[in-house]
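Structure, as structure tokens:
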Amino acid sequence: MTEPKAEKTVHGELQAPAGQDTNGITVGRWSSPVIPDEPESFMSSNVNVEACCPFLPLAQIEVRLGLTSYGPALTWYSVAYGLQGLAFVAMWFFVALWINSQAYRDSTSVLLRIVLILAAVALAALPSLLLVHRISTLRAAVRERFDIPGSLREDRTAAWQETSRAIRQMRRHLKIDRAKSCGPVSTLPAYAV
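Dropping the structure here:
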């Protein structure tokens, strides 16, 4: 096994090889990669809480880091994902009307139909961008607190392209994936607000 090479942190100085803090959380590197080295089973990669109900683990991550309490975090993420879902339903509803309903096509202009679909797309894009921004901010906070090398660009890329895997990586690193409930987790003592 090779020695871990010293890499520059976001602050520029060289870091020591990875260790663990007093809470047993790995310091200096991620405890698991965003994209696993070995293929994961279908159940762990596709049918997991990060993909099906991402608002639960995101709220748990915020509580674990001491950024907020569980109720407001869960509410914020639930509203954001709910708005996104409603916008997608509205978009497909207008597309289905356009395709399948002659009466709808006769009673509305093409311009109005296009505007309605674009409005639904814009309504879906807003919560999507806010969620990607928040997930990348959470990932950056984890990186900085545990002196993990990387950049904000990598955090944004992971949040945009591998959203559920980035959430799973943070959950595994903060040892939240061992929680058996969907409720709040304990805040790390060093990070209590």
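Per the numbering used here: the sequence shown = residues 16 to 208.
Each residue gets a CB set at the ideal place from its N, CA and C atoms; glycine is no exception.
Rounding to the nearest angstrom, what Cα-Cα distance links ALA140 and LEU146 in this structure?
Rounded to the nearest angstrom, the two C-alpha atoms are 10 Å apart.
Looking at C-alpha atoms only, which residue of ILE182, GLN176 and ASP162 is the closest neighbour of ILE211?
Lying outside 16 to 208, the shown extent of the chain, residue 211 is not represented and no answer is given.
Report the CB separation of ILE191 from ARG79 in whole angstroms; it is logged as a contact under 8 Å.
Confirmed, Cβ separation roughly 6 Å.
Look at the alpha carbon of ARG171 and the alpha carbon of PRO87, and state the distance between them as a whole number of angstroms.
If I take the Cα positions, the gap works out to 24 Å.
Within 10 angstroms of its Cβ, does GLU65 collect 16 or more other Cβ (buried), or is it exposed?
It counts as buried.
Would you call PHE109 buried or exposed, if buried means 16 or more other Cβ atoms sit within 10 Å of its Cβ?
Buried, because 16 or more other Cβ atoms sit within 10 Å of the Cβ of PHE109.
Apply the 10 Å Cβ neighbour rule to ARG168 and answer buried if 16 or more other Cβ atoms are within range, or exposed otherwise.
Classification of ARG168: exposed, given that the 10 Å Cβ count is below 16.
Relative to the C-alpha of SER47, which residue among GLY198, LEU189, SER201 and CYS197 is closest?
Minimum Cα distance to SER47 is reached at LEU189.
On the DSSP letters alone, give me the boundaries of the alpha helix (DSSP H) that ILE76 sits inside.
Run containing ILE76: 70–80, per the alpha helix (DSSP H) assignment.
Do TYR92 and LEU112 count as a contact pair if the criterion is CB distance below 8 Å?
No, the pair does not count as a contact, with Cβ atoms beyond the cut-off.
Measure the C-alpha to C-alpha separation of SER84 and ARG154 and round it to an integer number of angstroms.
If I take the Cα positions, the gap works out to 18 Å.
To the nearest angstrom, how far is it from the Cα of LEU203 to the Cα of LEU82?
Computed Cα separation, rounded: 11 Å.
At which residue ranges does the region 71–158 contain complete alpha helix (DSSP H) runs of 4 or more residues, listed in the order of the chain?
If we require 4 residues or more, the alpha helix (DSSP H) runs fully inside the region 71–158 come out as 85–115 and 117–122.
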